[in-house]
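Here is the structure we will look at, set down as structure tokens.
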Ligand code: NAP
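Numbering (the numbering used here), first residue to last: 1 to 283.
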């Protein structure tokens with residue numbers, strides 16, 4: 001019997017997760033289909049109920065539901081609990097299990113860049129579910145000197161900083177406003193861009209002011225994968241920073257979710273060329 005897996009989010013037509021998962025299902029001959037469900041906030045809980053009733057194996061959850069979905073779950077993995085956000089749901093015996101593969105996916109994708117940030121100052125742009133996972137990956141795997149969070153909604157940045165200090169006892173966490181951020185460029189070693197600014201409806205934009213001077217010592221990671229080079233990464237690369245886009249994280253977090261639903265190892269080597277070819281044809 002064919003089983004479904006859904007991707008829940010809003011304004012997510014750019015997503016290439018269906019290509020990744022449907023390619024992996026085909027390669028492994030699993031009778032699964034992955035489909036995108038663009039859902040309005042007031043229908044989100046009902047939509048989860050519906051796919052569970054339809055015997056779906058699970059779901060991914062993306063912008064803007066990664067934090068609110070925790071309220072719809074029967075139980076959470078320890079990492080999802082720690083992060084306070086879920087990107088993967090598994091449906092088993094009427095139960096909804098929430099997990100988070102973004103932290104390990106982020107770490108596995110950028111191991112060498114992350115190790116280069118040991119004992120260094122990291123700026124995180126954004127304070128949503130992805131930013132929470134990035135904080136977890138950094139603190140769990142290295143010892144950053146300082147984590148600084150900046151976000152459009154300043155209160156949300158402060159909430160995340162407080163969460164990091166409380167849950168991880170990592171007191172070297174603070175926030176700075178986006179306006180005037182250029183003054184701190186020389187004090188920062190890594191810049192991790194976790195907002196959608198640069199993709200979809202915000203394509204061609206960057207969250208940083210043009211006066212922000214990247215330099216050759218900076219490591220700049222943008223979690224966006226469509227386009228493959230955002231304006232943020234373009235500016236960073238032009239001034240000599242080491243840059244990485246979000247494709248590698250996308251594949252790694254997807255692989256971990258795939259195994260949670262199917263119990264089967266993700267065929268990474270075979271999926272990569274199909275996904276890269278898809279991206280090339282689309283751009
Ligand atoms: P989320 O929980 O909804 O958080 C969104 C964050 O982006 C918030 O900090 C929000 O700021 C900010 N933001 C949204 N629209 C903005 C705008 N127009 N201007 C400035 N800031 C804005 O979403 P998420 O799950 O963290 O995902 C964020 C992004 O990361 C998405 O683009 C997603 O595709 C990407 N992502 C990629 C991967 C990957 O594997 N490569 C994995 C996870 C996420 P406010 O608090 O001010 O609203």
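Positions of the beta carbon are idealized from the N, C-alpha and C atoms, including for glycine.
Assuming residue i and residue j make a contact with CB atoms under 8 Å, what is their CB distance in whole Å?
i: residue 113; j: residue 219; result: 5 Å
i: residue 105; j: residue 73; result: Contact flag wrong, Cβ pair sits at about 19 Å.
i: residue 206; j: residue 235; result: 7 Å
i: residue 124; j: residue 192; result: 5 Å
i: residue 149; j: residue 175; result: 5 Å
i: residue 77; j: residue 100; result: 7 Å
Return the CA-CA distance between residue i and residue j, expressed in angstroms with no decimal places.
i: residue 30; j: residue 258; result: 11 Å
i: residue 71; j: residue 52; result: 16 Å
i: residue 1; j: residue 59; result: 18 Å
i: residue 17; j: residue 266; result: 14 Å
i: residue 226; j: residue 49; result: 30 Å
i: residue 116; j: residue 144; result: 10 Å
i: residue 214; j: residue 173; result: 22 Å
i: residue 5; j: residue 221; result: 29 Å
i: residue 56; j: residue 240; result: 46 Å
i: residue 43; j: residue 128; result: 21 Å
i: residue 155; j: residue 247; result: 30 Å
i: residue 25; j: residue 87; result: 19 Å
i: residue 7; j: residue 237; result: 32 Å
i: residue 121; j: residue 13; result: 34 Å
i: residue 95; j: residue 182; result: 47 Å
i: residue 37; j: residue 170; result: 37 Å
i: residue 34; j: residue 281; result: 21 Å
i: residue 66; j: residue 153; result: 17 Å
i: residue 166; j: residue 89; result: 26 Å
i: residue 75; j: residue 198; result: 34 Å
i: residue 93; j: residue 28; result: 25 Å
i: residue 178; j: residue 102; result: 25 Å
i: residue 10; j: residue 151; result: 20 Å
i: residue 132; j: residue 211; result: 27 Å
i: residue 168; j: residue 162; result: 10 Å
Assign residue i to buried or exposed, taking buried as 16 or more other Cβ atoms, counted over all protein chains shown, within 10 Å of its Cβ.
i: residue 195; result: buried
i: residue 15; result: buried
i: residue 136; result: buried
i: residue 244; result: buried
i: residue 84; result: buried
i: residue 255; result: buried
i: residue 253; result: buried
i: residue 189; result: buried
i: residue 160; result: buried
i: residue 270; result: exposed
i: residue 201; result: exposed
i: residue 119; result: exposed
i: residue 54; result: exposed
i: residue 249; result: buried
Give a single yes or no on whether residue i has its beta carbon closer than 8 Å to a heavy atom of the ligand NAP.
i: residue 195; result: yes
i: residue 40; result: no
i: residue 66; result: yes
i: residue 127; result: yes
i: residue 62; result: yes
i: residue 156; result: yes
i: residue 207; result: yes
i: residue 225; result: yes
i: residue 282; result: no
i: residue 235; result: no
i: residue 269; result: no
i: residue 247; result: yes
i: residue 210; result: no
i: residue 74; result: no
i: residue 151; result: yes
i: residue 81; result: no
i: residue 202; result: yes
i: residue 102; result: yes
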